[in-house]
Amino acid sequence: MKLLIVTSVSEFQKEILNIFKMAKIEAFSRSEIDGYKNPNKVIATLSWFPGEKGGNESLMFFSFAEKEKIDRLFELVSEFNEKLETNNPIRAAVVNIENFI
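Below you can see the structure in the form of structure tokens.
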């Protein structure tokens, strides 16, 4: 069992849901997050009254899944990212789980 974490801009939600479906990962969670690329923007948003919205609307998905399903998801994400015309690829990471109940 491994912990899969996937992040992207919110515009790719439909595509990510399809990727999860094709990888047969049926149980997962989603959270809305702010994504940052420029550390100076992060510092500016820490003020009490920032002049502009902090980060980009982004999403984080996570799931406890088997290695085979995660491998398939990585293949699908790589295929998706190869066709992208923007500089906002879907990111994925895996964390090993030592124990779980």
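Per our numbering, the very first residue in the sequence shown carries number 12; after that it's consecutive. C-beta atoms are modelled at their ideal positions from N, C-alpha and C, and glycine is treated no differently. On a predicted model such as this, the values are computed, not experimentally measured, just so you know.
Residue environment, Ala104, which counts as buried when at least 16 other CB atoms sit within 10 Å: Taking the first residue of the sequence shown as position 1, residue 104 is located at position 93. So Ala104 ends up on the exposed side.
Helix, strand or coil for Lys13? Go by DSSP, reduced to three states. Mapped onto the sequence shown, residue 13 falls at position 2. Strand, per DSSP.
Roughly how many whole angstroms lie between the Cα atoms of Lys25 and Phe85? On the sequence shown, position 14 is the one that residue 25 refers to. On the sequence shown, position 74 is the one that residue 85 refers to. Cα to Cα, the separation comes out at about 17 Å.
Figure out for me which residue from Glu77, Val20, Phe111 has the closest Cα to the Cα of Arg41. Here residue 41 refers to the residue found at position 30 when the sequence shown is read from its first residue. Taking only the C-alpha atoms, the option nearest Arg41 is Val20.
What first and last residue would you give for the beta strand (DSSP E) that runs through Ile44? Here residue 44 is taken as the residue at index 33 of the sequence shown, counted from 1. Where Ile44 is concerned, the enclosing beta strand (DSSP E) stretches over 40-46.
So for Phe111, helix, strand or coil by DSSP? As a first step, residue 111 must be located in the sequence shown, where it is residue number 100. Correct three-state label for Phe111: coil.
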